[in-house]
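The structure appears right after this line, and notes come after that.
Numbering (our numbering), first residue to last: 31 to 219.
Set out below in structure tokens:
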């Protein structure tokens with residue numbers, strides 16, 4: 031398989047099912063953001079995490095390819111994949127299990143801590159961006175994306191709890207948000 035085809039050199043790319051669109055189209059922006067999320071999850075997997083989390087993230091990465099296929103399909107084209115409601119239920123079960131051993135949150139926490147947790151927080155923000163783009167795409171087209179937005183919404187919740195769990199795994203203390211700094215009220219001169 032050739033990596034380059036030169037068909038995208040004019041600023042357009044093909045959709046599954048036919049047709050070409052601008053590389054700046056909403057669908058391609060969403061696909062690119064889903065791809066970015068997948069790459070960040072690959073970084074998270076490169077850290078020292080449990081085998082269970084490795085397997086979960088690998089499964090999520092595969093599902094993100096399915097979400098991308100749905101988003102990159104021409105309206106009305108059946109790309110052969112679907113995101114079921116059970117996919118979100120699967121994430122909810124993992125969220126509940128991870129959350130069992132974490133202290134209850136009473137205030138916001140700042141992203142950071144162990145590098146794996148910090149990258150997972152970053153993945154969460156990329157996931158939220160992907161979700162916003164997919165919601166926008168669904169609102170502007172007649173292309174039904176099934177449960178893709180629900181899946182992305184639940185995935186960002188999973189990533190938040192996973193970041194907390196990774197900090198706990200590596201004995202990193204979470205930093206809580208303390209509100210606006212009361213000692214930094216100096217104006218710039």
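All C-beta atoms, glycine included, are put in the ideal place defined by N, C-alpha and C.
Beta-carbon gap between residue i and residue j smaller than 8 angstroms
i	j	result
residue 176	residue 100	yes
residue 129	residue 198	no
residue 187	residue 125	yes
residue 164	residue 46	no
residue 181	residue 117	yes
Alpha-carbon to alpha-carbon, residue j and residue i
i	j	result
residue 200	residue 115	33 angstroms
residue 19	residue 95	Residue 19 is absent from the structure shown; the chain starts at 31 and stops at 219.
residue 120	residue 146	22 angstroms
residue 93	residue 205	32 angstroms
residue 78	residue 136	28 angstroms
residue 62	residue 210	35 angstroms
residue 104	residue 207	44 angstroms
residue 97	residue 142	28 angstroms
residue 193	residue 185	12 angstroms
residue 169	residue 57	12 angstroms
residue 127	residue 42	44 angstroms
Residue range of the unbroken alpha helix (DSSP H) whose run includes residue i
i	result
residue 98	81-101
For residue i, the first and last residue of its enclosing beta strand (DSSP E)
i	result
residue 72	Premise fails: residue 72 lies in the alpha helix (DSSP H), 56-75, not in any beta strand (DSSP E).
residue 203	Careful: residue 203 lies outside any beta strand (DSSP E) and carries neither H nor E.
Residue-chain proximity (residue i, chain D), Cβ-Cβ < 8 angstroms
i	result
residue 89	In the structure shown, chain D cannot be found, because there is only a single protein chain.
field: Every unbroken alpha helix (DSSP H) inside the segment 148-174 [4 residues or more]
entry: Counting whole runs of 4 or more residues, the segment 148-174 contains no alpha helix (DSSP H) stretch at all.
- prompt: Hey, is the segment 158-177 in contact with the segment 59-77, meaning 3+ C-beta pairs nearer than 8 angstroms?
  reply: yes
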